[in-house]
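Let me begin by presenting the structure, written as structure tokens, before commenting on it.
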Amino acid sequence: MQDNDFKTYYEEQREFLREAFAEIGQKAELLLTVGQLLMENGADTSQIVRDMKRVAAYMGIDAEKFHLHIMYTTLMLNISDEHHSHTSFRKCVKHAVNMRIISAVSKLTWRALKEHYTLDEFKGELTAVAKRPRYPHFVSICAAGFGCGAFCTLFGCDFNAAIYTALSAIIGKIIQMQCAERFGFNPYVSMTFAAFTATIVAYLTHFLPTTTPWHPLIAASLFLVPGVPMINALSDILNTYLVSGAARIMHTLVIIGSMTFGIVFAIGMADFDSFTNLAMRPESNYLLFATAAAIGATSFAIFFNVPPRLLYAVAAGGAICVCTRNFFVFELGFGSEVGTLAGATLVSVIAMQAIHWLHTPSLVLIVPAVIPLVPGVLIYRFLFAIINIRQIKLDELLSAIQSGVDALLIILAIAIGAAAPNIFASRSFAQASKEKQEKLLNEIYETKE
Numbered sequence: 002m003q004d005n006d007f008k009t010y011y012e013e014q015r016e017f018l019r020e021a022f023a024e025i026g027q028k029a030e031l032l033l034t035v036g037q038l039l040m041e042n043g044a045d046t047s048q049i050v051r052d053m054k055r056v057a058a059y060m061g062i063d064a065e066k067f068h069l070h071i072m073y074t075t076l077m078l079n080i081s082d083e084h085h086s087h088t089s090f091r092k093c094v095k096h097a098v099n100m101r102i103i104s105a106v107s108k109l110t111w112r113a114l115k116e117h118y119t120l121d122e123f124k125g126e127l128t129a130v131a132k133r134p135r136y137p138h139f140v141s142i143c144a145a146g147f148g149c150g151a152f153c154t155l156f157g158c159d160f161n162a163a164i165y166t167a168l169s170a171i172i173g174k175i176i177q178m179q180c181a182e183r184f185g186f187n188p189y190v191s192m193t194f195a196a197f198t199a200t201i202v203a204y205l206t207h208f209l210p211t212t213t214p215w216h217p218l219i220a221a222s223l224f225l226v227p228g229v230p231m232i233n234a235l236s237d238i239l240n241t242y243l244v245s246g247a248a249r250i251m252h253t254l255v256i257i258g259s260m261t262f263g264i265v266f267a268i269g270m271a272d273f274d275s276f277t278n279l280a281m282r283p284e285s286n287y288l289l290f291a292t293a294a295a296i297g298a299t300s301f302a303i304f305f306n307v308p309p310r311l312l313y314a315v316a317a318g319g320a321i322c323v324c325t326r327n328f329f330v331f332e333l334g335f336g337s338e339v340g341t342l343a344g345a346t347l348v349s350v351i352a353m354q355a356i357h358w359l360h361t362p363s364l365v366l367i368v369p370a371v372i373p374l375v376p377g378v379l380i381y382r383f384l385f386a387i388i389n390i391r392q393i394k395l396d397e398l399l400s401a402i403q404s405g406v407d408a409l410l411i412i413l414a415i416a417i418g419a420a421a422p423n424i425f426a427s428r429s430f431a432q433a434s435k436e437k438q439e440k441l442l443n444e445i446y447e448t449k450e
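For the working numbering, count along the sequence shown from 1 and bump the result up by 1.
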């Protein structure tokens with residue numbers, strides 16, 4: 002292409018961004034692709050709306066012309082004014098977690114404004130983002146082992162039990178991958194097989210030398226914990242996106258149900274003591290807690306495909322989260338729910354500031370960091386009582402129900418602590434984002450004159 006032809010082409014492309022309905026079909030498809038990438042890779046609805054509106058503004062589509070309805074499996078977009086109307090739909094067929102794509106899409110939307118991309122340039126960049134690689138399988142498998150071993154340490158196990166937990170989780174993760182990729186099983190079915198396998202292997206390890214033989218059963222399946230759907234569900238509901246929030250809750254419950262079925266089936270086949278005697282306050286020092294939490298958070302960051310440049314920040318967040326929880330519970334005497342809420346909230350507040358330094362959405366930093374707060378001992382106490390409800394005494398049943406209630410409250414505290422700061426600060430962040438966006442748009446229009 003000659004220089005003059007290229008200049009003409011470039012000017013035509015830039016002109017399309019001046020008129021809202023110029024190349025409206027291509028614009029709508031690109032907008033829906035942005036939304037689909039975010040939805041299918043674990044973004045909450047607020048971020049999807051925010052990023053799509055930013056892209057629409059870059060394309061010359063004013064906010065009053067932009068109408069978006071988001072459901073968990075479908076995006077519905079309408080662009081209209083008094084003379085024109087264009088409506089498009091897009092199905093979201095898979096739901097995974099890939100925070101590298103979430104971060105890359107968010108950065109791309111700002112870069113398109115700042116560098117004055119043409120539509121073709123934006124499309125090319127978006128295609129490249131969709132192809133961002135994940136961590137190799139062996140890295141994810143090792144992360145499952147390290148993460149669950151770290152969680153077991155947080156629950157008070159000895160070194161041998163942590164090694165047994167890591168081995169059990171690694172085998173469970175391999176089974177999950179084989180079921181999903183080699184045999185094409187439904188994701189929920191794959192989780193059931195993985196939880197069953199990890200629990201059975203963890204049970205078999207209690208015959209090996211260790212002073213805490215039952216702890217591996219608690220932690221071996223925790224690599225399946227649905228942290229992102231759980232936090233996104235609460236965030237959506239608190240932001241009044243009730244339809245997508247309700248769907249995310251159902252997705253979370255199905256994942257938990259799949260895990261529970263596999264674990265319960267394995268427990269039913271085994272023979273071991275109750276979990277009611279496991280200590281709720283493991284004796285250890287803060288350095289060990291911080292190290293274990295950092296390893297656990299980093300492991301989940303790898304599962305979620307957090308960019309490598311952010312792993313150190315996630316590790317620090319996990320350590321801060323758990324040590325804060327333990328300080329409130331062990332030193333100040335508060336309940337586990339209050340300590341958990343304090344730890345999750347503190348990390349979320351820090352992440353709100355860190356996103357400006359690290360240039361990434363807050364979800365990428367917060368979710369992996371709060372996962373080590375999961376109340377594994379309480380959950381298993383409740384499960385054990387349900388399985389053996391015909392044999393246990395009334396006082397044991399009441400204790401188990403209390404454990405289940407406490408576990409639920411702690412899980413809610415994790416979700417609220419992770420989501421609330423972002424929600425409460427959303428107005429100030431939205432105003433700052435709007436001012437930055439308007440400044441960049443003004444620069445675009447000035448260069449077009």
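We put the CB at the ideal spot given by N, CA and C, even for glycine.
Per DSSP, the unbroken beta strand (DSSP E) holding Ile71 starts and ends at 67–71.
By the Cβ-count criterion, Val406 is exposed, with fewer than 16 other Cβ atoms from all chains shown falling within 10 Å of its own Cβ. As computed with DSSP, Phe90 is found in a beta bridge with Met77.
The three-state secondary structure of Lys28, taken from DSSP, is helix. With respect to the 8 Å criterion, Gly263 and Ala195 are classified as neighbours on the basis of their beta carbons. By the Cβ criterion, the region 294–314 is in contact with the region 83–101, since at least three pairs of Cβ atoms, one from each stretch, lie closer than 8 Å. DSSP places Asn42 outside any alpha helix (DSSP H), giving it a letter other than H or E. Put simply, of Asp82, Glu182, Leu33 the residue whose alpha carbon is nearest the alpha carbon of Leu127 is Leu33. The C-alpha of Ile238 lies about 19 Å from the C-alpha of Met77. Ala317 and Lys66 have their C-alpha atoms spaced approximately 43 Å apart. The continuous alpha helix (DSSP H) containing Trp111 extends over residues 100–115. Selection Pro217, Lys28, Ser47, Glu20 evaluated against Val244 yields Ser47 as nearest (Cα-Cα). When DSSP states are grouped into helix, strand and coil, Gly185 belongs to the coil group. Contact check for Leu379 against Ala345 fails: the beta carbons are separated by 8 Å or more. In the three-state DSSP reduction, Ala220 falls in the helix class (H, G or I). Met270 counts as exposed, since fewer than 16 other C-beta atoms from the protein chains shown sit within 10 angstroms of its C-beta. Look at Asp52 here: in three-state DSSP terms it is helix. For His252, the enclosing alpha helix (DSSP H) begins and ends at 243–270. Contact between Ser337 and Ile411 holds, since their C-beta atoms are separated by about 6 Å, short of 8 Å.
Of all alpha-carbon atoms in Thr212, Phe224, Thr361, the one lying nearest the alpha-carbon of Gln177 is that of Phe224.
Excluding the 5 residues flanking it on each side, Ser107 has same chain C-beta neighbours closer than 8 Å at Gln48, Asp52, Thr361, Pro362, in chain order.
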